[in-house]
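Worksheet: one structure, shown below.
This is the structure:
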């Protein structure tokens with residue numbers, strides 16, 4: 001009589017089912033390889049595929065009065081592309097008190113810096129109350145019509 005044919009083993013098998021076999025080494029390797037490939041694909045998408053084709057850098061802001069602020073931003077994009085940037089003015093509680101979208105049109109190769117790729121623009125933001133800061137929320141490329 002083998003160990004698996006003992007009355008205790010039969011009783012446990014009837015109660016809980018047959019013991020599960022361990023995963024084979026080949027199956028483990030295939031699953032780990034699939035997880036690795038998916039991880040690399042995600043890293044590639046996050047770094048390259050998620051690019052909008054435009055970047056921005058806040059240069060400065062100025063609070064003119066309780067109804068107006070200005071935001072200076074450097075926008076880097078393809079010189080032939082048109083971009084839009086959303087500007088915000090915020091109060092001391094970080095609540096948005098003003099918002100405006102500015103358009104940065106195509107550049108000639110002599111405009112701005114980096115052969116026309118980077119342009120510095122000033123946008124005005126009308127405010128409902130006194131702002132304490134101005135920021136660039138987001139920039140994006142406008143698709144050609």
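Residue numbers (UniProt numbering): 1 to 145. Even glycine gets a Cβ: it sits at the ideal position worked out from N, Cα and C. Keep in mind it's a predicted model, so treat the numbers as computed, not measured.
According to the Cβ coordinates, are residue i and residue j closer than 8 Å?
i: residue 47; j: residue 127; result: no
i: residue 124; j: residue 100; result: yes
i: residue 97; j: residue 129; result: yes
i: residue 91; j: residue 64; result: no
i: residue 77; j: residue 53; result: yes
Closest by CA to residue i, which one among the options?
i: residue 119; options: 30, 24, 57; result: 57
i: residue 135; options: 129, 89, 93; result: 89
i: residue 81; options: 131, 55, 18; result: 55
i: residue 106; options: 20, 84, 91; result: 84
i: residue 102; options: 139, 69, 62, 94; result: 139
i: residue 86; options: 79, 122, 108; result: 122
Taking residue i as part of the beta strand (DSSP E), name the residues at either end of that continuous run.
i: residue 142; result: 133-142
i: residue 127; result: Taken as a continuous stretch (DSSP letters only), residue 127 belongs to no beta strand (DSSP E), as it is neither H nor E.
My understanding is that residue i touches residue j, with C-beta atoms under 8 Å, so please give their C-beta distance in whole angstroms.
i: residue 104; j: residue 75; result: 5 Å
i: residue 79; j: residue 28; result: Actually they do not touch by this definition, with Cβ atoms about 52 Å apart.
Within the present structure, is the beta-carbon of residue i separated from the nearest heavy atom of the ligand ATP by less than 7 Å?
i: residue 98; result: As presented, the structure is devoid of all ligands, the ligand ATP included, so that no description of it is given.
Complete runs of the beta strand (DSSP E) confined to the region 33-112 [at least 3 residues]:
55-65, 68-76, 82-90, 96-104
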